[in-house]
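Structure, as structure tokens:
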Amino acid sequence: MKVLNSALLAVYLLVPLFCEGISGYKPSCKIYHENSEELFSEDEWNGGLEFGKLNDDTAVGPILKTYKTANISNILTYELNGHDNYLTVSKPENKDEFYIEIRDNFDQYEEKETAETMSLKIKFACDDNESRILKIKIPLRDTNNHSPQFLKSKYEYKLAMPLPKGFDFDTIDQIAVRDVNLTNKAIDFAIKGDEKYTKGFLITSLGRTKEDKKNFTARFITSMIMDFEEDTTFTLSATDAGNTTRTTETNLTIIVDKANSFPRFAEPEYIADLKNLDYGKVKKIMLNFSNGNDITLDRGFEGPVNFSLSDLSEENKKHFKLSSKGSKVQIELSDLSDTFLSQGVISEALTATKETTETSTAIIVLLPVPVNKVTERSTTVKPQESKTKDDSVNGYMVSTIILSLTTVGLLGYVIYLHFYRR
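Read in order, the letters of the sequence shown are residues -24 to -1, 1 to 398 in mature numbering (1 follows the signal peptide of the UniProt record, and there is no 0).
Here is the structure:
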């Protein structure tokens, strides 16, 4: 019994010593520091190494590191974090050393990866049939070698006018850029061009997208009511936040959707001069306007548009007839009686109404002098000729003043309709 107890005690004392021997065993693989006879310590094997920063624009091909070895037969595996292997680890059979090289695809690292440090894990085969793993971290230095790139070559917005305050262009096409630089965290957007329009734009960065950390989007809205007369192109720029910033530009164009815009006449007023009309032979006439201008809507002519004349007496309404086709409007005068013609000048407002909006222009018709007035002048006695001439001059001046006042008043009314009843 004593012998058995002694044996058990011996086993109890020897097992820990045996286990300690096993746990303290280290594979025979050895690696020397670069250009040194100093071996990697156990702390370096266990904790890994960290290289100095590697520029992200380092040329492809050169050997990054060379290490002398002992008791290493070959490299079993090596792997790198990320979507691809950007390094090669190799050991010649006839040499006690191994190399870490930059692969040809390293120039794509920033395009595909977001990590600012490469983590390399190498598994060595030791001569004692054991294996050992070495971990290496390689931090990257961002040289800001890439400019931001717009996701589209240009941005075009075809829009009906006018644009309301707070109009959001993003609902049509959101502005976005891609910047693959590893450390860039922000993009500054700007629009340059005609200041009377750019002051009405508000463009701000929304930061990185959730789907792709390298894409940055912008919010683009109007800060006031904007009314473009014609298609207008601006310069859209994106600037990164690097120490030495890089900027990319493209075109941004506002295209006026004339057909679907709020209606607008091409001219603020139209004047038809009928003073030389031989009305005795003409009972109706289609009005032609100064400079050969037809009454037209230069925008807003798509869809149902209703035209109407206002500021006419009930009697005068009988002489005017409106007709329209597309963007063009015509006015016909009929029943040219002496009473009608004796008015000399007729002015009215032509209004175009589309859905809940309307716009107006002034129509001014200069009428001929009736025949009976001409006859009265021809029978006037000669001694009064000088007086008649003075009266004609005075009458012409008065008529001119009345016409001017009428035109100003009508234009004021048109402006009122255009801005306050829209």
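Just so you know, even glycine gets a beta-carbon here, dropped at the ideal spot from N, CA and C.
How should residue i be labelled, buried or exposed, when 16 other C-beta atoms within 10 angstroms of its C-beta is the threshold for buried?
| i | result |
| --- | --- |
| residue 258 | exposed |
| residue 276 | buried |
| residue 248 | buried |
| residue 337 | buried |
| residue 68 | exposed |
| residue 244 | exposed |
| residue 330 | buried |
| residue 280 | exposed |
| residue 134 | exposed |
| residue -10 | In this predicted model, residue -10 has a pLDDT of only 44, less than 50, meaning its place in the structure is not dependable enough to derive any value. |
| residue 190 | buried |
| residue 22 | exposed |
| residue 147 | exposed |
| residue 62 | buried |
| residue 415 | This structure cannot speak to residue 415, because the chain is shown only from -24 to 398. |
| residue 362 | The predicted position of residue 362 is uncertain, since its pLDDT is 37 and thus under 50; a value taken from the coordinates is nonetheless stated next. By the neighbour-count rule (16 or more Cβ atoms within 10 Å), residue 362 is not buried but exposed. |
| residue 122 | buried |
| residue 220 | exposed |
| residue 11 | exposed |
| residue 120 | buried |
| residue 335 | buried |
| residue 327 | buried |
Go through its chain and collect everything with a Cβ distance to residue i's Cβ below 6 Å, but skip five positions before and after it.
| i | result |
| --- | --- |
| residue 25 | 112 |
| residue 271 | 246, 305 |
| residue 139 | 198, 202 |
| residue 150 | 193 |
| residue 136 | 233, 236, 237 |
| residue 230 | 133, 204, 208 |
| residue 75 | 39, 42, 66 |
| residue 373 | Because the pLDDT of residue 373 is 44, which lies under 50, any placement of that residue in the model is unreliable, and the number read from its coordinates should be weighed accordingly. No residues qualify anywhere along the chain. |
| residue 16 | 7 |
| residue 82 | 36, 62 |
| residue 18 | none |
| residue 110 | 98 |
| residue 64 | 77, 79 |
| residue 166 | 213 |
| residue 311 | 295 |
Looking only at its chain, what residues have a beta carbon closer than 7 Å to the beta carbon of residue i, apart from the 5 residues adjacent to it on each side?
| i | result |
| --- | --- |
| residue 192 | 152, 153, 155, 163, 181, 183, 184 |
| residue 57 | 91, 94, 95 |
| residue 235 | 277, 278 |
| residue 400 | The question about residue 400 has no answer, for the chain in this structure spans -24 to 398. |
| residue 142 | 197, 198 |
| residue 302 | 277 |
| residue 370 | In this prediction, residue 370 has a pLDDT of 44, which is less than 50 and means its spatial position is unreliable; nothing more can be read from the coordinates. |
| residue 144 | 197 |
Please report the Cβ distance between residue i and residue j, rounded to the nearest whole angstrom; I am assuming they are in contact, meaning their Cβ atoms lie under 8 Å.
| i | j | result |
| --- | --- | --- |
| residue 42 | residue 6 | Not quite, the Cβ-Cβ distance comes to about 15 Å (not below 8 Å), so this is no contact. |
| residue 92 | residue 157 | 11 Å between Cβ atoms; not a contact. |
| residue 54 | residue 97 | 7 Å |
| residue 250 | residue 342 | 6 Å |
| residue 222 | residue 124 | 7 Å |
| residue 118 | residue 159 | 4 Å |
| residue 344 | residue 252 | 7 Å |
| residue 161 | residue 217 | 6 Å |
Once the 5 residues before and after residue i are set aside, which same chain residues still bring their CB inside 8 Å of it?
| i | result |
| --- | --- |
| residue 73 | 42, 43, 44, 45, 67 |
| residue 296 | 285, 288, 307, 308, 309, 324 |
| residue 80 | 36, 37 |
| residue 29 | 115, 116, 117 |
| residue 300 | 281, 283, 306 |
So with Cβ pairs under 9 Å, would you call residue i a contact of chain D?
| i | result |
| --- | --- |
| residue 285 | The question asks about chain D, but that chain is absent: this structure has only one protein chain. |
Between the region 126 to 143 and the region 27 to 46, are three or more C-beta pairs nearer than 8 Å?
-> no
Quick one: complete beta strand (DSSP E) runs, 3+ long, within the region 109 to 182?
-> 130 to 135, 152 to 154, 163 to 168
Continuous alpha helix (DSSP H) assignments of at least 4 residues falling wholly in the region 284 to 352 | 290 to 293, 314 to 317
Can you find at least 3 beta carbon pairs, one from the region 301 to 309 and one from the region 253 to 271, that sit closer than 8 Å?
-> yes
Three CB pairs or more closer than 8 Å across the region 167 to 182 and the region 236 to 245 = no
Is it true that the region 206 to 216 meets the region 226 to 235, where meeting means three or more beta-carbon pairs spaced less than 8 Å apart?
-> yes
Touch test, the region 40 to 59 against the region 95 to 108, Cβ-Cβ under 8 Å, three pairs minimum | yes
Evaluate the contact criterion for the region 277 to 296 versus the region 314 to 329: three or more CB pairs, one atom per stretch, below 8 Å.
-> yes
Only counting runs of 3 or more residues, tell me where the beta strand (DSSP E) segments fall wholly within the region 200 to 232, in order along the chain.
-> 208 to 216, 223 to 232
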